[in-house]
Amino acid sequence: MKPGNSFEKLRGKGYANDHEATINMFTQKYKDDFILSNTIDGINSLEWLKKRREQINYLQLKFLDPNPPYFMKELAKLSPSDLYHMIQEFYKEDVYIFDKDHAILALPIRQISRTFSELKVARIEMDYGKEIVDHLSRILSDDAIISLIKQKSLQ
């Protein structure tokens, strides 16, 4: 930004909140992006993800514990080690991104991975990038999964 410039709030349909505005701006600017190349349950993949977030945060009147919401049922069936391996597959296989049983994790994981790759290619360093990757690596490490399995088996 140049000195004297300021941000201008976008107004109108599709810009009612930050999430909606971000999705609409991304959709307009990157209409040919891979993430927008397919739908989930017949709607734009980013819109689908936003609707799942809204369902959990605003529409669900009570916690479903111990039962997961319908869009996480398949993932919830996996053991911690199987989930770990499934997450590794999300980095390799595009099919999971648009599959309603996996998209809740696969889509954000793949997009984060793509963003980091693009930043690396552009030689843009982010101070917190390594911190995030290290944190995710720690919580998704084999030791962390083994710890989860042990905790689960003690219950």
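This note's numbering applies: residue -18 is where the sequence shown begins, and numbers increase by one. Beta carbons are placed, not taken as given, at the ideal position from N, Cα and C, and that holds for glycine. Only a predicted model underlies this, so the values are computations on that prediction, with no experimental measurement involved.
DSSP, read as helix, strand or coil, puts Ile105 in coil. Under the DSSP assignment, Lys10 falls in the alpha helix (DSSP H) whose first and last residues are -1 to 10. Taking 8 Å as the cut-off, the beta carbon of Phe7 is found closer than this to the beta carbon of Leu27. Put simply, the backbone Cα of Lys43 is about 15 Å away from that of Arg34. When DSSP reads this structure, Asn25 sits in a beta bridge with Thr20. Excluding sequence positions up to five before and after Phe71, its CB lies within less than 8 Å of the CB of Tyr77, Ile78, His83, Leu86, Ala87, Ile90, Arg91, all in the same chain and listed in chain order.
Within the same chain, Cβ atoms closer than 7 Å to the Cβ of Ile4 are found at Leu27, Glu28, Lys31, the five residues on either side in sequence being excluded. In the DSSP assignment, Asp63 falls within the unbroken alpha helix (DSSP H) covering 61 to 73. Annotated three-state conformation of Arg(-8) is coil, per DSSP. Per DSSP, Lys58 lies in no alpha helix (DSSP H) segment and is marked neither H nor E.
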